[in-house]
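S.K.: My questions all concern the structure below.
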Amino acid sequence: MKKELLSPVGNVESLYSAIFNGCDAVYLSGKKFGARAYAENFTELQLVEAIKFCHLYGVKIYVTINTIIYQSEMTECIEYIRFLHQNNVDAIILQDLGLIKKVRETFPNLEIHASTQMHTHNLEQLKLYEKMGIKRAVLARELSLKEINSFKTNVELEIFIHGALCISYSGECLFSSLLFDRSGNCGRCAGVCRLPFSLFEENKRIETSGKYLLSPKELCTVSEFTKIMQSNVSSLKIEGRMKSASYVGYVTRVYRSLIDQYQQKNAIRLKEEEIKNLKVLYNRGFTTGHLFQATDSDFMNITSPNHQGIPLGKVVSVDKNKIKIQLSEDLHQEDGIRFLKSDKGMIVNYLYNEKGLLIKKAHKNEMVQIDNKIGLKEKDTVVKTIDFSLQEHLKKLPNRYVKINCTAILKIGQKFSLTFSDGEFTVQGYGSICEQAKKVAVRKEILTEKITALKNTPFEVENINITIDLNAFIAMSEVKNLRRTLINELIDKRKNRIPHKFVEQKVSIPKEKKREEINQKIALHALVYNEEQLKTCLELNLDSIIVSNFYLYQKYKKRGNLFLRLERVKNNFPPLKKENLVIEETGSLYKYHNTNTIVTDYPFHVVNQESVRFLNKMNVERITLSIENKLEDIRSLVSDFENTRKLEVYLYGRPEVMIMKYCPLHMLVNKNSVCSVCQNNKQYYLQDRNQKRYPIVSNSKENHLTHILYHQPINRLQEIAEYHKMGINHFRLEFFSETPNEIKSIISKIKECKI
Ligand SMILES: [Zn+2]
Numbered sequence: 000m001k002k003e004l005l006s007p008v009g010n011v012e013s014l015y016s017a018i019f020n021g022c023d024a025v026y027l028s029g030k031k032f033g034a035r036a037y038a039e040n041f042t043e044l045q046l047v048e049a050i051k052f053c054h055l056y057g058v059k060i061y062v063t064i065n066t067i068i069y070q071s072e073m074t075e076c077i078e079y080i081r082f083l084h085q086n087n088v089d090a091i092i093l094q095d096l097g098l099i100k101k102v103r104e105t106f107p108n109l110e111i112h113a114s115t116q117m118h119t120h121n122l123e124q125l126k127l128y129e130k131m132g133i134k135r136a137v138l139a140r141e142l143s144l145k146e147i148n149s150f151k152t153n154v155e156l157e158i159f160i161h162g163a164l165c166i167s168y169s170g171e172c173l174f175s176s177l178l179f180d181r182s183g184n185c186g187r188c189a190g191v192c193r194l195p196f197s198l199f200e201e202n203k204r205i206e207t208s209g210k211y212l213l214s215p216k217e218l219c220t221v222s223e224f225t226k227i228m229q230s231n232v233s234s235l236k237i238e239g240r241m242k243s244a245s246y247v248g249y250v251t252r253v254y255r256s257l258i259d260q261y262q263q264k265n266a267i268r269l270k271e272e273e274i275k276n277l278k279v280l281y282n283r284g285f286t287t288g289h290l291f292q293a294t295d296s297d298f299m300n301i302t303s304p305n306h307q308g309i310p311l312g313k314v315v316s317v318d319k320n321k322i323k324i325q326l327s328e329d330l331h332q333e334d335g336i337r338f339l340k341s342d343k344g345m346i347v348n349y350l351y352n353e354k355g356l357l358i359k360k361a362h363k364n365e366m367v368q369i370d371n372k373i374g375l376k377e378k379d380t381v382v383k384t385i386d387f388s389l390q391e392h393l394k395k396l397p398n399r400y401v402k403i404n405c406t407a408i409l410k411i412g413q414k415f416s417l418t419f420s421d422g423e424f425t426v427q428g429y430g431s432i433c434e435q436a437k438k439v440a441v442r443k444e445i446l447t448e449k450i451t452a453l454k455n456t457p458f459e460v461e462n463i464n465i466t467i468d469l470n471a472f473i474a475m476s477e478v479k480n481l482r483r484t485l486i487n488e489l490i491d492k493r494k495n496r497i498p499h500k501f502v503e504q505k506v507s508i509p510k511e512k513k514r515e516e517i518n519q520k521i522a523l524h525a526l527v528y529n530e531e532q533l534k535t536c537l538e539l540n541l542d543s544i545i546v547s548n549f550y551l552y553q554k555y556k557k558r559g560n561l562f563l564r565l566e567r568v569k570n571n572f573p574p575l576k577k578e579n580l581v582i583e584e585t586g587s588l589y590k591y592h593n594t595n596t597i598v599t600d601y602p603f604h605v606v607n608q609e610s611v612r613f614l615n616k617m618n619v620e621r622i623t624l625s626i627e628n629k630l631e632d633i634r635s636l637v638s639d640f641e642n643t644r645k646l647e648v649y650l651y652g653r654p655e656v657m658i659m660k661y662c663p664l665h666m667l668v669n670k671n672s673v674c675s676v677c678q679n680n681k682q683y684y685l686q687d688r689n690q691k692r693y694p695i696v697s698n699s700k701e702n703h704l705t706h707i708l709y710h711q712p713i714n715r716l717q718e719i720a721e722y723h724k725m726g727i728n729h730f731r732l733e734f735f736s737e738t739p740n741e742i743k744s745i746i747s748k749i750k751e752c753k754i
């Protein structure tokens with residue numbers, strides 16, 4: 000299967016860098032709605048130019064709108080998508096279910112890709128996507144290549160092959176959102192996973208060798224690339240819209256070369272130099288990731304969340320003025336270096352040899368001196384974090400040409416004719432009638448030379464076919480002019496290529512049932528973590544009780560209105576019928592919605608009316624709104640919206656801020672091949688710099704998943720009357736460590752509310 004190389008683009012410079020280093024496609028974002036709000040990104044004018052430029056070189060361009068779209072943003076977002084579609088974008092990458100529905104209905108021809116933010120990890124999800132008209136899915140980085148190869152689907156599959164990794168399933172992380180009000184689902188992730196944490200078993204701190212307990216290495220798949228080329232994946236994505244143009248360019252160049260090698264010779268050879276360059280450009284340590292089933296310790300680098308560079312040498316002496324270093328690697332003026340122990344970095348502005356003479360460059364095994372401008376106090380190990388020569392080298396972009404074929408006919412008595420074709424477009428033009436040469440006839444070589452003189456154009460002639468009469472004559476200036484006109488015409492055609500014909504459909508919003516009387520009785524739904532809590536909730540006669548434990552569900556389902564909460568990450572789907580289910584991902588929605596009572600939980604990120612309509616159509620009984628909705632967001636969601644009777648608001652509890660494939664307990668506490676710690680009855684926590692403790696909840700039965708809960712309950716009890724006024728009657732509570740008395744007190748507080 001042919002593989003597309005897909006490069007990240009955060010600004011115009013990276014766009015050129017990606018294209019000229021050989022990508023097949025790029026992804027980038029406008030100023031709004033992209034998951035990288037802190038990258039430079041593109042203005043609308045730049046987007047139009049970028050699309051044209053990409054198309055000129057035969058590169059596809061995908062625009063990311065991979066955030067959740069609040070009701071108040073919906074109209075503007077659709078306008079933006081219309082603009083992209085009209086300007087010939089190849090596809091848009093989306094996260095929001097409601098937006099996908101709306102786009103599919105409004106713009107039937109526009110290609111939609113499911114962002115990695117949709118944490119696509121099972122075949123049922125892909126089946127749903129096919130129904131929804133999604134062309135491609137960017138798969139969750141937690142999948143192994145083996146699992147991916149088992150997917151038999153018509154949806155195109157895209158995977159990440161290089162770059163930064165998230166520790167949580169993407170799109171499933173609320174850590175940054177809840178802690179810093181910077182939502183990863185709105186492109187504003189603050190990178191909580193790169194902060195220090197300590198590990199606690201009950202109240203006892205567990206010593207760990209590093210403190211960055213949630214910080215994964217960088218993905219790099221060059222060592223396993225043959226397997227990727229043999230896989231059923233269509234598109235290979237490089238992460239890095241926040242990274243430099245030189246990074247984007249070089250990573251693209253390396254993977255381009257690997258793909259080409261494989262396609263030409265079925266074999267791949269990577270030069271040692273290339274690995275070194277990849278490392279010095281950026282690495283937190285490299286891992287082949289879950290794609291190749293890396294173990295936790297292969298996957299994580301808990302000692303540092305920063306760029307690791309490459310080993311440069313050792314400090315042999317240090318004083319106030321100078322640092323003396325024994326090099327194990329070449330060092331150049333203007334290189335960036337970092338001292339590991341002291342964690343201090345600098346640019347080497349002046350480099351001296353052992354005798355103290357200024358030099359430009361030193362080779363490995365030499366002794367050098369540099370100015371101690373950072374106040375280094377002790378001997379240390381040094382790494383190189385910026386390679387000046389490599390950076391300079393990468394500033395010069397390689398050439399890239401589009402291959403074209405050419406036909407020229409020069410026959411006496413006929414108009415001179417010239418044709419260029421790129422396989423997709425053909426441009427043809429005629430000159431004046433060719434005459435018998437009066438002095439010198441046109442020679443074939445000269446004509447060829449004139450026609451193929453395409454320097455400073457994006458083209459290169461691959462095949463040329465010339466028919467020429469002996470003794471025929473035409474002025475070379477005419478040939479040149481015709482060539483220029485035709486090449487400009489071809490450029491124009493390529494730039495304005497229409498990948499998907501623009502069609503817009505008016506979508507009438509279906510009549511909804513009339514809003515029921517607002518003063519309906521409120522219904523409380525509680526998730527409990529243990530049997531004692533369950534019994535308390537039964538006693539209190541709550542409207543429904545949710546458990547994750549199948550055994551508890553079975554035991555009590557006859558005694559109350561029980562719901563079974565399914566995992567957020569699923570790869571097996573036992574047959575279930577007539578059960579009450581709280582589901583967390585779209586695979587379960589697809590699989591179970593016809594035969595069971597379904598409640599969708601907050602990870603469905605419902606923040607707009609379209610998502611509600613979509614879930615309604617899937618027979619969902621109740622829809623828990625996203626925790627990220629503020630009161631005002633919900634107000635705008637339900638305004639002129641009649642269909643509020645299925646909506647549920649999260650009022651109280653500790654939401655899951657992360658779900659991970661990595662088990663910190665396995666790596667840090669129990670180092671056996673099979674993890675047993677996370678199954679014992681002790682409570683483990685991650686504690687942050689501010690002494691906030693986040694409970695770790697493991698599910699070793701299904702996929703060995705680790706959930707991190709928020710350090711304290713979210714409490715919106717005082718807002719209940721406001722929601723009730725909006726026509727919302729269903730409310731979610733989650734009890735994690737609450738005792739029966741605490742539960743009773745919370746419930747009675749709710750009952751005391753004036754509704
Ligand atoms: Zn474990």
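Numbered per numbering that gives the first Met the number 0, the sequence shown spans residues 0 to 754.
All C-beta atoms, glycine included, are put in the ideal place defined by N, C-alpha and C.
These numbers were taken from a predicted model, which means no experiment stands behind them.
Using only alpha-carbon positions, find the residue among Asp-259, Leu-290 and Pro-310 that is nearest to Asp-386.
M.R.: Stepping through the sequence shown from its first residue, residue 386 is reached at position 387. Nearest option by C-alpha distance: Pro-310.
S.K.: Please state the DSSP three-state secondary structure of Cys-433.
M.R.: What you label residue 433 is simply residue 434 of the sequence shown in a count that begins at 1. Note: Cys-433 maps to strand in three-state DSSP.
S.K.: Quick one: residues in its chain with C-beta nearer than 6 angstroms to the C-beta of Asn-462, no 5 flanking neighbours on either side, listed in chain order?
M.R.: What you label residue 462 is simply residue 463 of the sequence shown in a count that begins at 1. Hits under 6 angstroms: Asn-404.
S.K.: Once you ignore the five residues that flank His-710 on each side, which residues in its own chain have a CB closer than 6 angstroms to its CB?
M.R.: Locating residue 710 in the sequence shown gives position 711, where the first residue counts as 1. Excluding positions up to five away in sequence, the list reads Lys-691, Arg-692 and Tyr-693.
S.K.: When the Cα atoms are used, what is the spatial distance from Asn-398 to Val-62?
M.R.: In the sequence shown, the residue the question calls residue 398 occupies position 399. In the sequence shown, the residue the question calls residue 62 occupies position 63. Looking at the two C-alpha atoms, the distance is approximately 25 angstroms.
S.K.: Just to confirm my understanding: we take Gly-162, look at its own chain, exclude 5 residues before and 5 after, and list those with CB closer than 7 angstroms. What are they?
M.R.: By 1-based counting over the sequence shown, the position of residue 162 is 163. The answer, listed in chain order, is Glu-217, Leu-218, Ile-237, Glu-238 and Gly-239.
S.K.: Name the two residues that bound the continuous beta strand (DSSP E) containing Ser-697.
M.R.: Residue numbering aside, residue 697 sits at position 698 when the sequence shown is read from its first letter. Start and end: 692–698.
S.K.: Measure the C-alpha to C-alpha separation of Leu-156 and Asp-295 and round it to an integer number of angstroms.
M.R.: Counted from its first residue, the sequence shown places residue 156 at position 157. Counted from its first residue, the sequence shown places residue 295 at position 296. Approximately 25 angstroms between the Cα atoms of the pair.
S.K.: Shorter than 6 angstroms, the distance from the beta carbon of His-706 to the closest heavy atom of ligand 1, or not?
M.R.: Your numbering for residue 706 matches position 707 in the sequence shown. No; taking the cut-off as 6 angstroms, the Cβ of His-706 has no heavy atom of ligand 1 nearer than that.
S.K.: State yes or no: is the C-beta of Thr-800 within less than 7 angstroms of the C-beta of Gln-504?
M.R.: The chain is shown only over 0 to 754; residue 800 falls outside these bounds and no answer can be derived.
S.K.: Have a look at the DSSP bridge pairing and note the partners of Tyr-649.
M.R.: To locate residue 649, count along the sequence shown from 1; it is residue 650. The partner list for Tyr-649 (beta bridge, DSSP) reads Arg-731.
S.K.: Report all residues from its chain with a CB closer than 8 angstroms to the CB of Ile-60; omit the five preceding and five following residues, and keep chain order.
M.R.: Indexing the sequence shown from 1 puts residue 60 at position 61. Same-chain partners within the cutoff: Ala-24, Val-25, Tyr-26, Leu-27, Ala-49, Ile-50, Cys-53, His-54, Val-88 and Asp-89.
S.K.: Please report the residue range of the alpha helix (DSSP H) in which Ile-544 lies.
M.R.: Working through the sequence shown from its first residue, we reach residue 544 at position 545. From DSSP, Ile-544 is part of no alpha helix (DSSP H) but of the beta strand (DSSP E) over 543–546.
S.K.: According to the Cβ coordinates, are Gly-57 and Val-401 closer than 7 angstroms?
M.R.: Numbered from its first residue, the sequence shown carries residue 57 at position 58. Numbered from its first residue, the sequence shown carries residue 401 at position 402. Their beta carbons are under 7 angstroms apart, which means Gly-57 touches Val-401 by this criterion.
S.K.: Is His-289 a contact residue of ligand 1, with contact defined as CB to any heavy atom under 6 angstroms?
M.R.: As a working note, residue 289 is residue 290 in the sequence shown. Checking every heavy atom of ligand 1 against the Cβ of His-289, none is found closer than 6 angstroms.
S.K.: From the DSSP output, in three-state form, read off Thr-225 for me.
M.R.: Position 226 of the sequence shown holds residue 225. DSSP places Thr-225 in helix when its eight states are reduced to three.
S.K.: Report the residue ranges of all alpha helix (DSSP H) runs contained in full by the stretch 88–123; include only those spanning at least 4 residues, in chain order.
M.R.: Listed in chain order, the complete alpha helix (DSSP H) runs (minimum 4 residues) inside the stretch 88–123 are 96–105.
S.K.: Report yes or no: do three or more beta-carbon pairs, one from the stretch 521–540 and one from the stretch 732–746, lie closer than 8 angstroms?
M.R.: The stretch 521–540, when compared against the stretch 732–746, does touch it at the 8 angstroms Cβ threshold.
S.K.: Write down the C-beta distance between Thr-585 and Leu-127 rounded to the nearest angstrom, noting that I regard them as a contact closer than 8 angstroms.
M.R.: What you label residue 585 is simply residue 586 of the sequence shown in a count that begins at 1. What you label residue 127 is simply residue 128 of the sequence shown in a count that begins at 1. Correct: roughly 5 angstroms between the Cβ atoms.
S.K.: At a threshold of 6 angstroms, does Leu-664 count as lining ligand 1 (C-beta to nearest heavy atom)?
M.R.: Indexing the sequence shown from 1 puts residue 664 at position 665. Within the cutoff, so yes.
S.K.: Classify Ser-175: buried if its beta carbon has 16 or more other beta carbons within 10 angstroms, exposed otherwise.
M.R.: Counted from its first residue, the sequence shown places residue 175 at position 176. Flag for Ser-175 reads buried.
S.K.: Cβ of Ser-296 versus every heavy atom of ligand 1: is any distance shorter than 6 angstroms?
M.R.: Position 297 of the sequence shown, counted from the start, is the residue given in the question as residue 296. No; taking the cut-off as 6 angstroms, the Cβ of Ser-296 has no heavy atom of ligand 1 nearer than that.
S.K.: Between the stretch 364–374 and the stretch 311–327, are three or more C-beta pairs nearer than 8 angstroms?
M.R.: The stretch 364–374, when compared against the stretch 311–327, does touch it at the 8 angstroms Cβ threshold.
S.K.: Met-228 to Lys-449, Cα distance in whole Å?
M.R.: To locate residue 228, count along the sequence shown from 1; it is residue 229. To locate residue 449, count along the sequence shown from 1; it is residue 450. C-alpha separation (whole angstroms): 41 angstroms.
S.K.: Do the CB positions of Val-441 and Ala-474 come within less than 7 angstroms of each other?
M.R.: Stepping through the sequence shown from its first residue, residue 441 is reached at position 442. Stepping through the sequence shown from its first residue, residue 474 is reached at position 475. Contact: no.
S.K.: Could you check whether Tyr-651 and Asn-714 sit closer than 7 angstroms to each other, using their CB atoms as the reference points?
M.R.: Within the sequence shown, numbered from 1, the residue matching residue 714 stands at position 715. Within the sequence shown, numbered from 1, the residue matching residue 651 stands at position 652. Yes.
S.K.: For Ile-64 and Leu-277, I'd like the C-alpha separation in whole angstroms.
M.R.: Stepping through the sequence shown from its first residue, residue 64 is reached at position 65. Stepping through the sequence shown from its first residue, residue 277 is reached at position 278. Rounded to the nearest angstrom, the two C-alpha atoms are 29 angstroms apart.
S.K.: Helix, strand or coil: how does DSSP classify Glu-272 here?
M.R.: Locating residue 272 in the sequence shown gives position 273, where the first residue counts as 1. Reduced to three states, the DSSP call for Glu-272 is helix.
S.K.: Exposed or buried, what is Phe-179 when buried is set at 16 or more other beta-carbons lying within 10 Å of its beta-carbon?
M.R.: By 1-based counting over the sequence shown, the position of residue 179 is 180. With fewer than 16 other Cβ atoms within 10 Å, it is exposed.
S.K.: Distance, Cα to Cα, Tyr-683 vs Leu-563?
M.R.: In the sequence shown, residue 683 corresponds to position 684, counting from 1. In the sequence shown, residue 563 corresponds to position 564, counting from 1. Answer to the nearest angstrom: the Cα atoms are 24 angstroms apart.
S.K.: Please confirm whether His-120 and Leu-142 have their CB atoms less than 7 angstroms apart.
M.R.: By 1-based counting over the sequence shown, the position of residue 120 is 121. By 1-based counting over the sequence shown, the position of residue 142 is 143. Yes, the Cβ-Cβ distance between His-120 and Leu-142 is below 7 angstroms.
S.K.: For the alpha helix (DSSP H) containing Leu-44, list its first residue and its last residue.
M.R.: Here residue 44 refers to the residue found at position 45 of the sequence shown. Leu-44 -> alpha helix (DSSP H) spans 43–55.
S.K.: Note the first and the last residue of the continuous beta strand (DSSP E) segment covering Met-659.
M.R.: Working through the sequence shown from its first residue, we reach residue 659 at position 660. Segment 655–659, the beta strand (DSSP E) holding Met-659.
S.K.: If you drop the 5 nearest sequence neighbours on each side, which residues of the same chain put their C-beta closer than 6 angstroms to that of Lys-645?
M.R.: Locating residue 645 in the sequence shown gives position 646, counting from the first residue. Once the five neighbours on either side are set aside, the close Cβ partners of Lys-645 are Arg-621 and Ile-622.
S.K.: I'd like to know whether the C-beta atoms of Lys-2 and Ile-258 end up nearer to each other than 7 angstroms.
M.R.: On the sequence shown, residue 2 is found 3 positions in, with the first residue counted as 1. On the sequence shown, residue 258 is found 259 positions in, with the first residue counted as 1. Their beta carbons are under 7 angstroms apart, which means Lys-2 touches Ile-258 by this criterion.
S.K.: Which word fits Val-315, buried or exposed, when buried means at least 16 other C-beta atoms lie within 10 angstroms of its C-beta?
M.R.: Start at 1 with the first residue of the sequence shown, and residue 315 comes out as number 316. Exposed, since its Cβ has fewer than 16 Cβ neighbours within 10 Å.
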